[in-house]
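All remarks here apply to the structure that follows.
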Ligand code: GDP
Ligand code: GDP
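Residue numbers (full-length UniProt numbering): 1 to 442.
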């Protein structure tokens, strides 16, 4: 898994300014996915050959009615519990406040790698002047002068951070650890029934029993055999249970999902039938799409709604509408409590895992391309007809297709959607697909 780095600090010190500076390029890229509700509080960042996921804890307000001091402390606590390293941002012009000192103490006790920045020092002379004494008494090592707004000291800060990260593990670049096993991550807001579902699937209480608070930082994995296949189920509720703070922070379900998505093939997104598709559900679905993971949408607690078939269809339609950007994802109605349809979740997840690694035969792909161009001629772009020459599958997990054409930069979104839909239909792929457009060589 990529290391998780949290930015902590009290409000207004410049956390989100720093966050945006560190992930700028990536965010621009990600915005291409239409219709996805984006949460600006986490993003992948790359620096040289190291990749990490950055979280702005300013986005996670534990108790909105709590005092500032308590909020800041709890955010820092969350970061300490869940992340591999911490960027602690302070305001170098305002000096240390009580909230800063509380955070510093918490971080010091945690023993986690910490890099401290004194922000808003917008010129070198100010930087030299400000760093005389006070900050060093925090006992967190060097304090690095920073101007997030003017991009001063950013490189040094990141270098110091990377120095403190655990060394890059063998195979960190690899998509997954165990290539034979199918990785299924159970994600969702608190209380939608994730643990109940996992327990129902395992038909024993192993998930809960193996959980010893504070002993492991890692998500809770259970391995099972299903129809001759090895399946690793990851229960993100397990991560959350270890921390009473995280339990109160609903938005935290995104961080938990982030942690497990990287090494899973399929995300099973649970929603509560009695309060469906709220903002946070959409964010989790958007995360699965962004990470290019297969997705099963599970509407749980259906026992509380009843057995009316028409109701289910109406529900399905409404959901398809509000989650258009993952329209390919199958929807299952379950009751984890009674066990109704829980096997079906596993069935579909295993099937999607296969589609996720599907390789389409090249001759069939090229026949499809011919057919597509005949049935729906490519539009005129830049005053000339767009021409598609070849198609080839260049990757799996998710299936990725490269098309050569005359104007790769100018393929209209509508035409991309048309191609994607045709690929889905032809090969029966209910997983995210990626298209790359390339210029014809020569
Ligand atoms: P957050 O609440 O910690 O996320 O803080 P923000 O990133 O929203 O920044 C709070 C305010 O400080 C904004 O008005 C920023 O423009 C400003 N700010 C952030 N970084 C700098 C900096 O390096 N120098 C100066 N002068 N202002 C900054
Ligand atoms: P998690 O936080 O997502 O892991 O949710 P839990 O599995 O802890 O479930 C939260 C609450 O919802 C518990 O009281 C469960 O008994 C209840 N629950 C879970 N699944 C169902 C279901 O299908 N139907 C009903 N009626 N209640 C459920």
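Heads up, the beta-carbon is just placed ideally off N, CA and C, and yes, glycines get one too.
Asked: May I ask whether a heavy atom of ligand 1 can be found less than 7 Å away from the beta carbon of residue 9?; Found: yes
Asked: Roughly how many whole angstroms lie between the Cα atoms of residue 366 and residue 51?; Found: 36 Å
Asked: In its own chain, which residues sit with a C-beta less than 7 Å from the C-beta of residue 200, not counting the 5 before and 5 after it?; Found: 336, 339, 342
Asked: Kindly give me the distance between the Cβ atoms of residue 292 and residue 434, rounded to whole angstroms, as I take these residues to be in contact under 8 Å.; Found: 6 Å
Asked: Look at the alpha carbon of residue 356 and the alpha carbon of residue 269, and state the distance between them as a whole number of angstroms.; Found: 17 Å
Asked: At the level of alpha carbons, what is the spacing between residue 443 and residue 97?; Found: Nothing about residue 443 can be reported from this structure: the residues present for the chain run from 1 to 442 only.
Asked: Given a cut-off of 8 Å, decide if residue 323 and residue 273 are closer than it, judged by their beta-carbon atoms.; Found: no
Asked: Answer with buried or exposed for residue 73, where buried requires no fewer than 16 other C-beta atoms within 10 angstroms of its C-beta.; Found: buried
Asked: Spell out the partners DSSP gives residue 437 in its beta bridges.; Found: 403
Asked: For residue 389, which residues of its own chain have a beta-carbon under 7 Å away from its beta-carbon, when the five flanking residues on both sides are left out?; Found: 404, 405, 440
Asked: Could you say which of 224, 57, 275 lies nearest to residue 350 if we only look at CA atoms?; Found: 224
Asked: Which same chain residues end up closer than 7 Å to residue 69 when comparing Cβ atoms and leaving out the 5 residues on each side of it in sequence?; Found: 98, 99, 102
Asked: Of the choices 149, 104, 165, whose alpha-carbon is the least far from that of residue 54?; Found: 165
Asked: Confirm, please, whether the CB-CB distance from residue 295 to residue 257 is below 8 Å.; Found: no
Asked: Between residue 443 and residue 115, which are expected to be in contact by the criterion C-beta below 8 Å, what is the C-beta distance as a whole number of angstroms?; Found: Residue coverage of the chain in this structure runs from 1 to 442, which leaves residue 443 outside it and unanswerable.
Asked: Which whole-angstrom value describes the C-beta separation of residue 107 and residue 80, a residue pair presumed to lie in contact below a C-beta threshold of 8 Å?; Found: 7 Å
Asked: Can you list the beta strand (DSSP E) stretches of 3 or more residues lying completely in the segment 58–109, in chain order?; Found: 85–91
Asked: Out of 66, 159, 121, state which residue places its alpha-carbon closest to the alpha-carbon of residue 49.; Found: 159
Asked: Please say whether residue 140 and residue 104 have beta carbons closer to each other than 8 Å?; Found: yes
Asked: Is residue 149 close to ligand 1? I mean its beta-carbon at under 7 Å from any heavy atom of the ligand.; Found: yes
Asked: To the nearest angstrom, how far is it from the Cα of residue 312 to the Cα of residue 383?; Found: 48 Å
Asked: Starting from residue 222, trace the beta strand (DSSP E) in both directions and tell me its first and last residue.; Found: 220–226
Asked: Note the first and the last residue of the continuous beta strand (DSSP E) segment covering residue 52.; Found: 50–56
Asked: Got a sec: does ligand 1 put a non-hydrogen atom nearer than 7 Å to the Cβ of residue 153?; Found: no
Asked: Does any heavy atom of ligand 2 sit closer than 7 Å to the C-beta of residue 15?; Found: no
Asked: Is residue 337 near ligand 2, in the sense that its beta carbon is under 7 Å from a heavy atom of that ligand?; Found: yes
Asked: Do we get a CB-CB distance below 8 Å when we pair residue 339 with the residues of chain B?; Found: In the structure shown, chain B cannot be found, because there is only a single protein chain.
Asked: DSSP three-state call for residue 418: helix, strand or coil?; Found: helix
Asked: Which same chain residues end up closer than 7 Å to residue 92 when comparing Cβ atoms and leaving out the 5 residues on each side of it in sequence?; Found: 118, 119, 120, 121, 130, 145
Asked: Using DSSP with H/G/I as helix, E/B as strand and the rest coil, what is residue 331?; Found: strand
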